[in-house]
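A.B. asks: After the structure tokens below, expect a handful of questions from me.
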Amino acid sequence: MREGVVALSATGQRLHTWRAGEQGPRVLLLHGFPEAGFIWQPVMQRLQGQARLLAPTQRGYAPSSCPEGDAAYKPRALVADLVALIEQEGAPVDLVVAHDWGGALAWNLAAQRPDLLRRLLIVNATHPVPFLRALREDPAQQAASAYMNTLCAPGAAERLAADDFQALWPFFEHFGPGSAQWLDTPLRERYRALWGASLDSMLAWYRMSPLRPPLTPQDPVMTLQLPDEAVTVRVPTRVLWGEADRALPPSLLGGLEAFVPDLTVERVPGASHWIVHEQPERVAQAIIDALP
Numbered sequence: 016m017r018e019g020v021v022a023l024s025a026t027g028q029r030l031h032t033w034r035a036g037e038q039g040p041r042v043l044l045l046h047g048f049p050e051a052g053f054i055w056q057p058v059m060q061r062l063q064g065q066a067r068l069l070a071p072t073q074r075g076y077a078p079s080s081c082p083e084g085d086a087a088y089k090p091r092a093l094v095a096d097l098v099a100l101i102e103q104e105g106a107p108v109d110l111v112v113a114h115d116w117g118g119a120l121a122w123n124l125a126a127q128r129p130d131l132l133r134r135l136l137i138v139n140a141t142h143p144v145p146f147l148r149a150l151r152e153d154p155a156q157q158a159a160s161a162y163m164n165t166l167c168a169p170g171a172a173e174r175l176a177a178d179d180f181q182a183l184w185p186f187f188e189h190f191g192p193g194s195a196q197w198l199d200t201p202l203r204e205r206y207r208a209l210w211g212a213s214l215d216s217m218l219a220w221y222r223m224s225p226l227r228p229p230l231t232p233q234d235p236v237m238t239l240q241l242p243d244e245a246v247t248v249r250v251p252t253r254v255l256w257g258e259a260d261r262a263l264p265p266s267l268l269g270g271l272e273a274f275v276p277d278l279t280v281e282r283v284p285g286a287s288h289w290i291v292h293e294q295p296e297r298v299a300q301a302i303i304d305a306l307p
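Structure follows, in structure tokens:
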């Protein structure tokens with residue numbers, strides 16, 4: 016496992032990276048909240064003899080660049096980092112693997128720049144159209160996603176950081192069926208370092224997103240328009256979904272084929288939102304299955 020930094024000439028950001036593998040297809044792995052590129056290490060260790068793997072820690076997540084001002088975390092800017100990274104490393108990559116917020120960006124990337132990736136593997140990350148529909152119409156999803164508004168509230172970073180991040184650790188249990196047995200002491204220390212250095216900029220991703228439960232009928236999510244051509248993904252796509260995810264339930268897979276014509280869905284009973292930690296061998300096998 017090789018640690019490094021990539022300076023993106025197109026966006027001016029510096030992304031901390033983890034790499035593994037010397038030959039084979041090129042795979043880009045994208046993390047979500049409240050994590051970093053290191054979450055992919057158990058998966059990468061299983062695949063380093065079969066692929067060239069790159070896991071960046073994204074903008075706003077230390078030790079990568081954490082620019083000031085919420086505008087730096089608009090979805091367009093975050094996707095621009097991915098475009099710059101792939102182009103700088105050599106486009107196209109053979110596979111983009113993406114979880115949670117990383118998946119939100121990857122859906123966008125695949126729809127807008129299909130020339131940059133040959134295939135896509137999504138891990139518990141909803142496509143924007145089913146998510147938008149559920150946020151507007153489904154009380155159960157509105158309740159499941161209510162935490163998003165909590166994360167956007169003034170002073171959220173300070174409240175989450177209080178008492179050794181007492182309010183943040185439960186995220187790993189709330190979004191799954193029970194205790195997060197994978198969350199050992201060394202991993203907790205990595206999270207503490209990450210959150211202590213960059214929690215507010217991590218939360219800026221939420222503050223800049225219009226996709227969160229409406230608090231009033233006038234909220235932007237109620238009038239947001241997503242043209243089909245902007246959200247249709249035409250690269251071959253696999254979705255790996257832990258069915259015990261309490262934040263993003265399997266109901267969000269409904270209607271997905273309308274926007275992803277070449278789609279394969281694999282449901283994993285008993286696995287939660289944190290399937291990357293719970294079943295790294297299953298995720299590694301899904302990557303092998305997704306490669307040409």
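Using our numbering, the letters of the sequence shown correspond one by one to residues 16 to 307. Where is the CB? At the ideal position from N, CA and C, for every residue including glycine. Keep in mind the model is a prediction, meaning the values are calculated, not measured.
Considering just the uninterrupted stretch of the alpha helix (DSSP H) at THR200, what are its terminal residues?
C.D. replies: Start and end: 200-222.
A.B. asks: For LEU68 versus LEU62, is the C-beta spacing smaller than 8 angstroms?
C.D. replies: Result yes, Cβ atoms of LEU68 and LEU62 sit closer than 8 angstroms.
A.B. asks: Do you know whose CA, among GLY75, ALA51 and ALA286, lies nearest SER194's CA?
C.D. replies: Among GLY75, ALA51 and ALA286, the Cα nearest to that of SER194 belongs to ALA286.
A.B. asks: Check the DSSP bridge columns for ILE303 and list the partner residues they point to.
C.D. replies: Note: ILE303 sits in no beta bridge, so no partner.
A.B. asks: Rounded to the nearest angstrom, what separates ILE303 and ARG297 at their Cα positions?
C.D. replies: Taking the straight line joining both Cα atoms gives about 10 angstroms.
A.B. asks: Residues in its own chain within less than 7 angstroms of SER224 by CB, not counting five upstream and five downstream?
C.D. replies: These residues qualify, in order along the chain: PRO90.
A.B. asks: In terms of residues, what are the limits of the beta strand (DSSP E) holding ILE137?
C.D. replies: Looking at the DSSP string, the run of the beta strand (DSSP E) that includes ILE137 is 135-138.
A.B. asks: What span of residues does the alpha helix (DSSP H) with GLY117 cover, start to end?
C.D. replies: Taken as a continuous stretch (DSSP letters only), the alpha helix (DSSP H) holding GLY117 covers 116-127.
A.B. asks: Cβ atoms of ALA299 and VAL20: under 8 angstroms apart, would you say?
C.D. replies: Cβ distance not < 8 angstroms, so VAL20 and ALA299 don't count as in contact.
A.B. asks: Given a cut-off of 8 angstroms on the beta-carbon distance, is the pair GLY117 and LEU166 in contact?
C.D. replies: No. Outside cutoff.
A.B. asks: Helix, strand or coil: which one does DSSP assign to GLY269?
C.D. replies: Correct three-state label for GLY269: coil.
A.B. asks: Which of the three DSSP states, helix, strand or coil, is assigned to ARG249?
C.D. replies: Of the three classes helix, strand and coil, the one that applies to ARG249 here is coil, per DSSP.
A.B. asks: Looking at the secondary structure, which residues open and close the beta strand (DSSP E) in which ARG282 lies?
C.D. replies: Element bounds for ARG282: 278-283.
A.B. asks: Work out the CA separation of CYS81 and MET16 for me, nearest whole Å.
C.D. replies: Spanning the two alpha carbons is a distance of roughly 24 angstroms.
A.B. asks: As a quick exercise: from GLY257, LEU263, LEU183 and PRO276, pick the residue whose alpha carbon is nearest that of ARG249.
C.D. replies: Measuring from the Cα of ARG249, the nearest candidate turns out to be PRO276.
A.B. asks: For ALA245, is the classification buried or exposed, using 16 other Cβ atoms within 10 angstroms of its Cβ as the cut-off for buried?
C.D. replies: So ALA245 ends up on the exposed side.
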